[in-house]
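Trainee: Numbering (the numbering used here), first residue to last: 513 to 667.
(1) Ignore the nearest five residues each way along the sequence and tell me which others in residue 629's own chain have a CB closer than 8 Å to its CB.
(2) So residue 641 and residue 649 are in contact, right, with Cβ under 8 Å, and what is the actual spacing, rounded?
(3) Return the bridge partner residues of residue 614 from the DSSP annotation.
(4) Would you say the segment 593–612 touches the segment 531–546, given that touching needs at least three Cβ pairs under 8 Å?
(5) Rounded to a whole number of angstroms, what is the C-alpha to C-alpha distance between residue 557 and residue 658?
(6) Taking the alpha helix (DSSP H) that residue 555 belongs to, which residues open and close that run?
(7) With distances taken between CB atoms, is the gap from residue 616 to residue 606 smaller than 8 Å?
(8) Can you give me the Cβ contacts of residue 463 inside the same chain, cut-off strictly under 6 Å, excluding the 5 residues immediately before and after it?
(9) Nearest by alpha-carbon distance to residue 542: which of 573, 645, 597, 633 is it?
(10) Measure the beta-carbon distance from residue 568 to residue 622 and round it to whole angstroms, keeping in mind my assumption that it falls under 8 Å.
(11) Can you tell me which of the three DSSP states residue 585 falls into?
(12) Assuming residue 520 is part of the alpha helix (DSSP H), what are its boundary residues?
(13) How is residue 526 classed by DSSP in three states: helix, strand or coil?
(14) So residue 544 is in the alpha helix (DSSP H); what residue range does that whole segment cover?
(15) In chain order, what residues of the same chain lie with their CB nearer than 8 Å to the CB of residue 575, ignoring the 5 residues before and after it?
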């Protein structure tokens, strides 16, 4: 039998402390960690399109799921999908189980673009090795893995 761990009482001090750290991280993450400016410039795509391509690297997704994952309203997902489809990077189709649901997936060109984006990210991570020790690089990897796991719980 699987038991769920009970959530403790809300801790306002912990929430304030976390909010303070988020406030410190927010201006630094796009530029220093994600290097979004480099990704946009090198791949000639707006950030929203890059995010969608990377999301689809895990497989086909419905428009509603994309909207929730990226925090973008459904009506605003369609122009992003339209642009990527016109560029030949994704394919749009109706779900065979529910014709009301529109799904998108990467094309071969889209898969190649995602591979190129990952190569850029690898170059960025390699550049950090000049400033971070191997143990700090492992710590960064563990921290990002932990953050992603925690974010899944918030969905």
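For each residue, glycine too, the CB sits at the ideal point set by N, CA and C.
All values reported here derive from a predicted model rather than from experimental measurement.
Mentor: Working from what's here:
(1) Closer than 8 Å at the Cβ level, and outside the excluded window around residue 629, lie 551, 555, 562, 565, 566.
(2) Indeed, because the Cβ distance is near 6 Å, the residues count as touching under 8 Å.
(3) The beta-bridge partner set that DSSP reports for residue 614 consists of 606.
(4) The segment 593–612 and the segment 531–546 do not touch, with fewer than 3 CB-CB distances between them shorter than 8 Å.
(5) Distance from the CA atom of residue 557 to the CA atom of residue 658, rounded to whole angstroms, is 29 Å.
(6) Where residue 555 is concerned, the enclosing alpha helix (DSSP H) stretches over 548–555.
(7) The Cβ atoms of residue 616 and residue 606 lie no closer than 8 Å to each other.
(8) Because the chain here runs from 513 to 667, residue 463 falls outside it and cannot be looked at.
(9) Of the candidates 573, 645, 597, 633, the one whose C-alpha sits nearest the C-alpha of residue 542 is 633.
(10) Yes, residue 568 and residue 622 are in contact; Cβ-Cβ is about 7 Å, under 8 Å.
(11) Coil at residue 585, not helix or strand.
(12) From DSSP, residue 520 is part of no alpha helix (DSSP H); its letter is neither H nor E.
(13) Note: residue 526 maps to helix in three-state DSSP.
(14) Unbroken run through residue 544: none, as it is neither H nor E.
(15) Same-chain partners within the cutoff: 586, 589, 590, 593, 613, 614, 615, 616.
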